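Numbering (this note's numbering), first residue to last: 32 to 142.
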């Protein structure tokens, strides 16, 4: 996590510098960043589940905090308290209909 996130952040910072304009990265980042991004936050198994570990969440937060908060999660900026908006549901568990999901896809923007 630390290595990939660091390398990706450096890549995006260089793109912004080279182009001289703000950038947006849109992608599945495989991390449910905050408690609002998980339908069952606090469940004991989340501490060990991919996308919800403290290490992954902290690494993602570091990307947002770089240079005094140079990047923002656009959805969370517009909807700071919204819960229940997810981009992934386990098909095997049949979690789509009851909306038991994770928000793993992001629009990360330069400030």
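Just so it is clear, CB atoms sit at the ideal spot from N, CA and C, and this is done for glycine as well.
Please read all numbers here as calculations on a predicted model, not as lab measurements.
If residue 91 and residue 36 are in contact, beta carbons under 8 angstroms, what's the gap, nearest whole angstrom? What you label residue 91 is simply residue 60 of the chain shown in a count that begins at 1. What you label residue 36 is simply residue 5 of the chain shown in a count that begins at 1. Sure, about 7 angstroms apart at Cβ, within 8 angstroms.
Which of the three DSSP states, helix, strand or coil, is assigned to residue 60? Within the chain shown, the letter at position 29 stands for residue 60. Of the three classes helix, strand and coil, the one that applies to residue 60 here is coil, per DSSP.
Specify the secondary structure class of residue 40 as computed by DSSP and reduced to three states. Your numbering for residue 40 matches position 9 in the chain shown. Of the three classes helix, strand and coil, the one that applies to residue 40 here is helix, per DSSP.
With C-beta atoms as the reference, is residue 56 less than 7 angstroms away from residue 116? In the chain shown, the residue the question calls residue 56 occupies position 25. In the chain shown, the residue the question calls residue 116 occupies position 85. Contact flag unset, no.
If contacts are defined as beta-carbon pairs under 8 angstroms, then residue 135 and residue 59 qualify, I think. What distance do you get, rounded to the angstrom? Locating residue 135 in the chain shown gives position 104, where the first residue counts as 1. Locating residue 59 in the chain shown gives position 28, where the first residue counts as 1. Contact flag correct, Cβ pair sits at about 5 angstroms.
Would you mind stating whether residue 131 and residue 70 have Cβ atoms separated by less than 7 angstroms? Locating residue 131 in the chain shown gives position 100, where the first residue counts as 1. Locating residue 70 in the chain shown gives position 39, where the first residue counts as 1. Yes, these two residues count as a Cβ contact at 7 angstroms.
Between 82, 86, 118, 75, which lies nearest to residue 106 when the distance is taken from Cα to Cα? The residue labelled residue 106 in the question sits at position 75 within the chain shown. Of 82, 86, 118, 75, the residue nearest in Cα terms is 118.
Extent of the continuous beta strand (DSSP E) to which residue 141 belongs: As a first step, residue 141 is located in the chain shown; it is residue number 110 there, counting from the start. It spans 136 to 141 - the beta strand (DSSP E) in which residue 141 sits, taken as one unbroken run.
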